[in-house]
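Colleague:
Numbering (the working numbering), first residue to last: 11 to 242.
Shown next, in the form of structure tokens:
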């Protein structure tokens, strides 16, 4: 049996392959009509950090899938706080069912929506998960690409001897998640224009003290556990 990090990296590599096999070809030609040198690279990281970045000079998109993120989405207790869990449930993606397979497939479409958002010039400092982002993410689900991503990822995993559980998770109540948060965790909370991002300074009995980053830099917040999500 491999270590959790090795397992996470192996599955993250399949997420990279799925992104490049399914999502990227569906948009590559149209993106290159306005930016001919646009390219996408996907890589794995060893931590929880999972993100999209863009180099304007080289027109180079980079999506990183973290090995610890992959492992954190394997069990209900650690999957409950991720933004992807909330998106699946609140927006009805994959029928609103949260499972290991659905979470990982959704992570692929979530990060790819950031790529499309960046290309459209609708990603702003302090406004990342905005209305335009969710229009793109909704579209990826409505046009069937999210389902294709899910099926492709499941097939690749099976070929490599991995089983990505597709049974719905029994998620814990958010009030019981205090032990999951640690100093330094990158979190987000709030909706729309009130959305904030920050890092946890202290875990209290019912709240976390969060130091704002980005547009909220210099501010501190006391945020109930129920409102906190792991930023992606």
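Even for Gly, the Cβ is constructed at its ideal location relative to N, Cα and C.
(1) Just verifying my parser: in three-state terms, what is the DSSP assignment at residue 178?
(2) Considering Cα atoms alone, identify which of 65, 100, 113 and 70 is closest to residue 86.
(3) What number of angstroms, rounded off, separates the C-alpha of residue 73 from the C-alpha of residue 132?
(4) Label residue 120 either buried or exposed according to how many other C-beta atoms from any shown protein chain fall within 10 Å of its C-beta, with 16 as the threshold for buried.
(5) Need the endpoints of the alpha helix (DSSP H) that residue 76 sits in, please.
(6) DSSP has residue 92 in a bridge; who is on the other side?
(7) Roughly how many whole angstroms lie between the Cα atoms of residue 224 and residue 181?
(8) Between the C-alpha atoms of residue 166 and residue 228, what's the straight-line distance to the nearest angstrom?
(9) Where does residue 65 sit, in a helix, a strand or coil, going by DSSP?
(10) List the endpoints of the continuous beta strand (DSSP E) containing residue 207.
(11) If you drop the 5 nearest sequence neighbours on each side, which residues of the same chain put their C-beta closer than 8 Å to that of residue 98?
(12) Excluding the 5 residues flanking residue 233 on each side, which residues of the same chain have their C-beta closer than 7 Å to its C-beta?
(13) Roughly how many whole angstroms lie between the Cα atoms of residue 189 and residue 210?
(14) Return the chain-ordered list of same chain residues with a C-beta closer than 7 Å to the C-beta of residue 205, the five sequence neighbours on each side being excluded.
(15) Excluding sequence positions up to five away, which residues of its chain have a Cβ less than 6 Å from the Cβ of residue 81?
(16) Reducing DSSP to helix, strand and coil, say where residue 11 ends up.
(17) Give me the Cβ distance between residue 22 and residue 77, rounded to the nearest whole Å; I'm assuming they're in contact under 8 Å.
Modeller: Inspection of the coordinates gives the following:
(1) If you number the chain shown from 1, residue 178 lands on position 168. In the structure shown, residue 178 adopts coil according to DSSP, grouped into three states.
(2) For the purposes of this step, residue 86 is identified with residue 76 of the chain shown, where counting begins at 1. Of the listed residues, the one whose Cα sits closest to residue 86 is 113.
(3) The residue labelled residue 73 in the question sits at position 63 within the chain shown. The residue labelled residue 132 in the question sits at position 122 within the chain shown. Each residue's alpha carbon lies about 18 Å from the other.
(4) In the chain shown, residue 120 corresponds to position 110, counting from 1. Buried, by the Cβ-count rule.
(5) Against the chain shown, residue 76 aligns to sequence position 66. Judged by DSSP secondary structure, residue 76 falls outside any alpha helix (DSSP H) and instead within the beta strand (DSSP E) spanning 70 to 76.
(6) On the chain shown, residue 92 is found 82 positions in, with the first residue counted as 1. For residue 92, which the question treats as bridged, DSSP gives the partners 240.
(7) Here residue 224 refers to the residue found at position 214 of the chain shown. Here residue 181 refers to the residue found at position 171 of the chain shown. Distance between the alpha carbons of residue 224 and residue 181: 31 Å.
(8) Taking the chain shown and counting its residues from 1, one reaches residue 166 at position 156. Taking the chain shown and counting its residues from 1, one reaches residue 228 at position 218. Between residue 166 and residue 228, the C-alpha separation is close to 45 Å.
(9) The residue given as residue 65 occupies position 55 in the chain shown. Residue 65 falls in the strand class under three-state DSSP.
(10) By one-based count along the chain shown, residue 207 stands at place 197. From DSSP, the beta strand (DSSP E) with residue 207 extends over 206 to 213.
(11) What you label residue 98 is simply residue 88 of the chain shown in a count that begins at 1. Taken in chain order, the residues that qualify are 104, 106, 107, 108, 112, 113 and 116.
(12) Numbered from 1 along the chain shown, position 223 holds the residue referred to as residue 233. These residues qualify, in order along the chain: 199, 217, 218 and 220.
(13) For this step, residue 189 is matched to residue 179 along the chain shown. For this step, residue 210 is matched to residue 200 along the chain shown. As the crow flies, the alpha-carbon of residue 189 is around 13 Å from that of residue 210.
(14) In the chain shown, the residue the question calls residue 205 occupies position 195. So the qualifying residues of the chain are 139 and 198.
(15) Within the chain shown, residue 81 is the residue found at index 71, counting from 1. So the qualifying residues of the chain are 14 and 18.
(16) Against the chain shown, residue 11 aligns to sequence position 1. With a pLDDT of only 32 at residue 11, under 50, the local geometry of the prediction cannot be trusted, and no value is derived from it.
(17) Residue mapping note: residue 22 aligns to position 12 of the chain shown, counting from 1. Residue mapping note: residue 77 aligns to position 67 of the chain shown, counting from 1. Contact annotation, residue 22 with residue 77: C-beta distance approximately 6 Å; criterion of less than 8 Å satisfied.
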